[in-house]
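Everything on this sheet refers to the single structure shown next.
There are 2 protein chains.
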Amino acid sequence: MQTLPGFREFYPDTCARRNYILETWRGVARRYGFVEYDGAVVEPLGLYEKKSGGELVGQMFTVAAMAEPGEIKGALRPEMTPTLARMVAAREREFRKPMKWFSVPNCFRHERQQRGRLREFYQLNVDIIGEQSGAADAELVAVLVDTLRAFGLAENEFVVRLSSRSAWQSFFRENAKRADGAALTDEDEYAFFQIVDKAERASAEKTNAALVPFGLDAERVLAFMRSKVPSVDLAPVMADLTARGLGGFVEVDYAIVRGLAYYTGVVFEVFDRAKTERAMAGGGRYDGLLALMSDGKVNLPALGFGMGDVVLEKVIESLPAAKARMEAWCAAQRACEVFVVVAKEELRPQALSLVQQLRDAGRRVDFALTEAKVGKQFQAAEALGARYAVLVGEEWPQVKVKTLATREEQLVSHEAAAALLG
Amino acid sequence: MQTLPGFREFYPDTCARRNYILETWRGVARRYGFVEYDGAVVEPLGLYEKKSGGELVGQMFTVAAMAEPGEIKGALRPEMTPTLARMVAAREREFRKPMKWFSVPNCFRHERQQRGRLREFYQLNVDIIGEQSGAADAELVAVLVDTLRAFGLAENEFVVRLSSRSAWQSFFRENAKRADGAALTDEDEYAFFQIVDKAERASAEKTNAALVPFGLDAERVLAFMRSKVPSVDLAPVMADLTARGLGGFVEVDYAIVRGLAYYTGVVFEVFDRAKTERAMAGGGRYDGLLALMSDGKVNLPALGFGMGDVVLEKVIESLPAAKARMEAWCAAQRACEVFVVVAKEELRPQALSLVQQLRDAGRRVDFALTEAKVGKQFQAAEALGARYAVLVGEEWPQVKVKTLATREEQLVSHEAAAALLG
């Protein structure tokens, strides 16, 4: 009886690593003044069908009640943005703008099994709602950069590749011309973004063939793609990030267009510099989505990014300093602070009272639940990473307080031990 | 487009309360030396069918892939114990005994909508595996008591009602006699536990009728139920808890038998003393479950409890001191520490640099993303609960540091401000 393919279980070691990622995500988002929200794991199917594109619908898991088979109740969330859009549209009047919100949901996608992809994963979602200015794009990229820095990733280890859907849109509108002479549609534009998305990996012949209906060719598209000149919307974002001292973490790269249909302005993806892994995070502006989700009732500019835990953890594992930081955090989480050694079984009630006092004072305390040799108890203390051992034995009402790393020992009254370690 | 019935979404205020509960759970479990694990949200259906009883199978949600409708992939976990049993059975040799593990999963049950019941809820699970002695039962009850104390609940606000399946088993085997003269079976015993479970609320006539097949009557059953004498397995647990100073939080109460079939020894439930709510937590020994789940390969004694967030939060809300503690935690979580006021727009780059320095130093910092009147910026600082405002204006390279609560103000160099607040 195993877990289902693509699903994970978290034994204490892996659970600590997951918690390290979730807690680091939360810590940085809070430093930036973002507040946490969450949605339901199971959402109405229609929530995902409504969104333009619907790219993830085919990868969804549906949920039914055992007692009412065949009647689909909902879907496991494949991403967080539709939930966020729904929540914001319903109650946005109650919140100051810009709203700076984050979430760390688990999401579910029925994907083909491959490296860096699982069917259940965690995803940091950071969004700013109600701010049109590029200052918001810069704030969003800054929190993204600092999230990765918080994991110990350095400037030479990752890069945020910044691009602009509006710049590509201008390029398309200025240069494209439909062979049939008809006006360019939104669908044409989205089809063009798909071609751009593939142009780096595809052959020039293939790209040329795809571009024919728009009167364009690979050479012109690739020339624009390779230009490094910040577009009119990217220039202030770059200037803002430079003022923060974060300019070295970002570069303009028009090869990024993002797959989802709903992006409208600045878009970006983050890669490890070694480029051995998929994108660690991606996002951008989606100014039209709230209006779409609320049937036009709420029209607020918005932008955000998502960062999954699976690729991130692989990158951390591949970088010695980042890996050491993660392991130190996990060891500290696990460690017991004080181990109370019961050297004389008759003194167990007194030992229990001391354990309770230390725990009441907030210390992480453990002890042998049943009679055991003193040597065995010290072994357990070491195995649990305890800093101190307190020996309750024939010296009672005094106890021996031992610092395990240095083997230093003091004999003090049990009240003094409780005060000293509490 | 609402959430599905019985599912919750967490706006920032409710998300903070949920996090308070999850973090308090984690903090106390760690103080007791428990380590965190987790399983997959979607598990194979068979995992739940295997367990004796299968009480929750009818309440399960099944999961299928949109791309392969009709083919059930798994179930949303309705509880954590089967996952734990599976994980322990698979790798128990790698872990020191006793294993002290905890988890804070969200679980899913397709229940009728009623007070204190939702279809998705969080549940603290605390388990000890590999220890037969009553010292483990006492440790488990102690961590349960301290979990509730950590929420600010006092001795006169909740009680752990301790009982024993083995005591009831002895009673049954000594006193029951099947009318048909056949030997008593495990099924008889479980049927008897169900009668006991209902006896407090049912009429004597109804209980008597149900007891006829076992040659028992309500009077004898209720007399045993109301006796307060600790059974042979409860006495050492009570003594241990008394030595810890926790005796006042527990009482012997044989009215508790617990619904699930797999319990074998000490069992317990926790109630608010006002008894206005359902049980806040329940658990006990399930010494046979690991063997059952592993087809006899792993046979370890085990015990644990579950505590849901829904009833707990209702109880907290009803107790002023506990509620105030929760609200203080949530306010502290949300609060921004430093708000940087940009009084001269030309100095925005300098302000951004200061923001970055303070955030790098770990402070929670916010600022107005776009030009705004100084008064408006101070309003935002107050609304965000900021402790300090730093005004970047005409005094540059000096800045004004203002303590918002006291209105105290100092004029210092921006480097000194960064050092002072960083």
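Chains A and B are the protein sequences, given in the same order.
According to the working numbering, the stretch in the first sequence is residues 1 to 422, in order.
According to the working numbering, the stretch in the second sequence is residues 1001 to 1422, in order.
Ideal placement from N, C-alpha and C gives every residue a C-beta, glycine not left out.
Proximity of chain B to LEU76/A at the Cβ level (cut-off 9 Å) is accounted for by VAL1041, VAL1042, VAL1063, LEU1076, in chain order. The beta carbons of ALA75/A and TYR48/A sit about 6 Å from each other, so the pair counts as a contact at 8 Å.
The count of Cβ pairs closer than 8 Å, one atom from the stretch 1373–1392 of chain B and one from the stretch 162–178 of chain A, stays below three, leaving the stretches out of contact. Between TYR1032/B and TRP1168/B, the beta carbon gap of about 29 Å keeps them out of contact (Cβ cut-off 8 Å). Any Cβ of chain B closer than 8 Å to the Cβ of TYR11/A would place that residue at the interface, and such an atom is present. Secondary structure note for GLN1333/B: it is in no beta strand (DSSP E), and the uninterrupted alpha helix (DSSP H) holding it is 1320–1334.
Here MET87/A is actually not in contact with GLU1120/B; their C-beta atoms are around 16 Å apart, not less than 8 Å.
In this structure, the straight-line span from the alpha carbon of LYS228/A to that of VAL252/A is close to 6 Å. TYR1032/B has a beta carbon lying within less than 8 Å of a beta carbon in chain A.
CA-to-CA, the gap between ASP1127/B and GLU1313/B works out to about 22 Å. Excluding sequence positions up to five before and after PRO1098/B, its CB lies within less than 8 Å of the CB of ILE1128, ILE1129, GLY1130, GLU1131, ALA1136, all in the same chain and listed in chain order. In the structure shown, the three-state DSSP call for GLU187/A is helix. ARG149/A places its beta carbon 8 Å or farther from that of GLU269/A. Around GLY1046/B, the beta-carbon contacts reaching into chain A at under 9 Å are MET1. Check the Cα spacing between GLY6/A and each of LYS400/A, VAL145/A, MET225/A, GLU111/A: the tightest is with GLU111/A. Spanning the alpha carbons of ASN1019/B and ASP38/A requires a straight line of approximately 11 Å. Around ARG1178/B, no beta-carbon contact reaches into chain A at under 7 Å, the shortest distance being about 34 Å. Interface residue (Cβ-Cβ distance to chain B less than 8 Å): GLN356/A is classified as such. Using beta-carbon distances, THR1024/B does not count as an interface residue toward chain A, since no partner is under 8 Å. Sorting GLY1284/B, THR1207/B, SER1231/B, ARG1093/B by C-alpha distance to the C-alpha of ARG1220/B places THR1207/B at the top. Contact between the stretch 1289–1307 of chain B and the stretch 399–411 of chain A is absent: fewer than 3 CB-CB pairs across the two stretches fall below 8 Å. Taking 8 Å as the cut-off, the Cβ atoms of ARG1030/B and ARG364/A count as close.
In this structure, the straight-line span from the alpha carbon of ARG91/A to that of SER1164/B is close to 50 Å. Around the C-beta of ASN1156/B, fewer than 16 other C-beta atoms lie within 10 Å, and the residue is accordingly described as exposed.
The C-alpha of ILE256/A is placed about 44 Å away from the C-alpha of GLU1327/B. Considered as a whole, the stretch 259–314 of chain A harbours 266–272, 281–285, 302–308 as its complete beta strand (DSSP E) runs of no fewer than 3 residues, in chain order. When beta bridges are read from the DSSP output, ILE128/A appears opposite LYS100/A, LEU303/A. If you look at TYR1020/B, you'll find it isn't in any beta strand (DSSP E); it sits in the alpha helix (DSSP H) that goes 1012–1031. In chain order, GLY1039, ALA1040, VAL1041, VAL1042, GLU1043, GLY1074 make up the part of chain B whose C-beta sits under 9 Å from the C-beta of PHE7/A.
Residue burial is scored here from C-beta neighbours: LEU1369/B has at least 16 other C-beta atoms within 10 angstroms and is therefore classed as buried. Only buried fits GLY1283/B, as 16 or more other CB atoms lie within 10 angstroms of its CB.
The stretch 57–67 of chain A and the stretch 1054–1068 of chain B touch, with three or more beta-carbon pairs separated by less than 8 Å.
Beta-carbon to beta-carbon, ALA322/A and GLY116/A are separated by about 17 Å, too far to satisfy the 8 Å threshold.
Using beta-carbon distances, HIS414/A does not count as an interface residue toward chain B, since no partner is under 8 Å. Taking 8 Å as the CB threshold, PRO1098/B lines the interface with chain A. Going by beta carbons, ALA418/A and GLN357/A fall inside the 8 Å limit.
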